[in-house]
Amino acid sequence: DTEVTQTPKHLVMGMTNKKSLKCEQHMGHRAMYWYKQKAKKPPELMFVYSYEKLSINESVPSRFSPECPNSSLLNLHLHALQPEDSALYLCASSQERGAATEAFFGQGTRLTVV
Amino acid sequence: DQQVKQNSPSLSVQEGRISILNCDYTNSMFDYFLWYKKYPAEGPTFLISISSIKDKNEDGRFTVFLNKSAKHLSLHIVPSQPGDSAVYFCAASLVQGAQKLVFGQGTRLTINP
Chain A
786 DTEVTQTPKH
796 LVMGMTNKKS
806 LKCEQHMGHR
816 AMYWYKQKAK
826 KPPELMFVYS
836 YEKLSINESV
846 PSRFSPECPN
856 SSLLNLHLHA
866 LQPEDSALYL
876 CASSQERGAA
886 TEAFFGQGTR
896 LTVV
Chain B
4 DQQVKQNSPS
14 LSVQEGRISI
24 LNCDYTNSMF
34 DYFLWYKKYP
44 AEGPTFLISI
54 SSIKDKNEDG
64 RFTVFLNKSA
74 KHLSLHIVPS
84 QPGDSAVYFC
94 AASLVQGAQK
104 LVFGQGTRLT
114 INP
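Line by line, the protein sequences give chains A and B.
Note that the first sequence covers residues 786 to 899 in my numbering.
Note that the second sequence covers residues 4 to 116 in my numbering.
The structure is reproduced here in structure tokens:
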């Protein structure tokens, strides 16, 4: 099973709203990631969690707030977003062994900020 | 500063023939390379990977070749099938405490019947 599940699949939110994106995996992976993908662009790394601790923050604005409640779950809390934040948000997970390994992606959440 | 480049935005191949997708990188610290396939509005699907200590890895119809001296890798798909039509991303891995994947711009592959 190489499934990473993201909810919701689509989200429309206003600039004053607060919403959360959720990601779940049951592969026993201890590294989890958030990527952002704009149309016709490659995925860009936002955050990496390793053993439930934030390891990498790619200078993401504070209106994006990640959270890793346990080894299977990863959330991305959204607040006061801008229309330019509209994108496909991808969650991924991989084994954490201090070396490079395959990362498996979820289906993504298509976010539209109005 | 684009560290991973896929210079062909699109490629069209006849069904049954070989598809060759290319990728170049600039950072010699990358030590692991991956290919992903992506359909619109879906997440990338992992296809095949290769460690920097190898020069070839094969999995069924997919083979990845790595030329470290040229900082170049390629994905060969043979024979190509209509279901292979998708966008293919090359990704390079850098482990700095945690793993970072850097993606190329993608190549849209179309397999013609």
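All C-beta atoms, glycine included, are put in the ideal place defined by N, C-alpha and C.
query                                                                                                          : result
Close beta carbons around V789 (chain A), own chain, < 7 angstroms, minus the five adjacent residues each side : C808, Q810, C876, A877, S878, F889, F890, G891
Alpha-carbon spacing of V845 (chain A) relative to S88 (chain B), whole angstroms                              : 33 angstroms
Burial state of H795 (chain A), where buried means 16 or more other Cβ atoms lie within 10 Å                   : exposed
Alpha carbon of Q108 (chain B) to alpha carbon of P12 (chain B), nearest angstrom                              : 8 angstroms
Residues bridged to F68 (chain B) [DSSP beta-bridge criterion]                                                 : B:K59, B:S77
R111 (chain B) vs V90 (chain B) beta-carbon contact at 8 angstroms                                             : yes
Where G46 (chain B) meets chain A, residues with beta-carbon distance less than 7 angstroms                    : L875, F890, G891, Q892, G893
Residues in the stretch 828-846 of chain A having any Cβ partner in chain B nearer than 9 angstroms            : P828, E829, L830, V833, Y834, S835, S840, I841, E843
CB-CB length for Q822 (chain A) against T894 (chain A), believed under 8 angstroms                             : With 8 angstroms as the limit, Q822 (chain A) and T894 (chain A) do not qualify as a contact, their Cβ atoms being about 11 angstroms apart.
When A:F849, A:E837, A:T897, A:M798 are compared against L830 (chain A), the one with the closest alpha-carbon : A:F849
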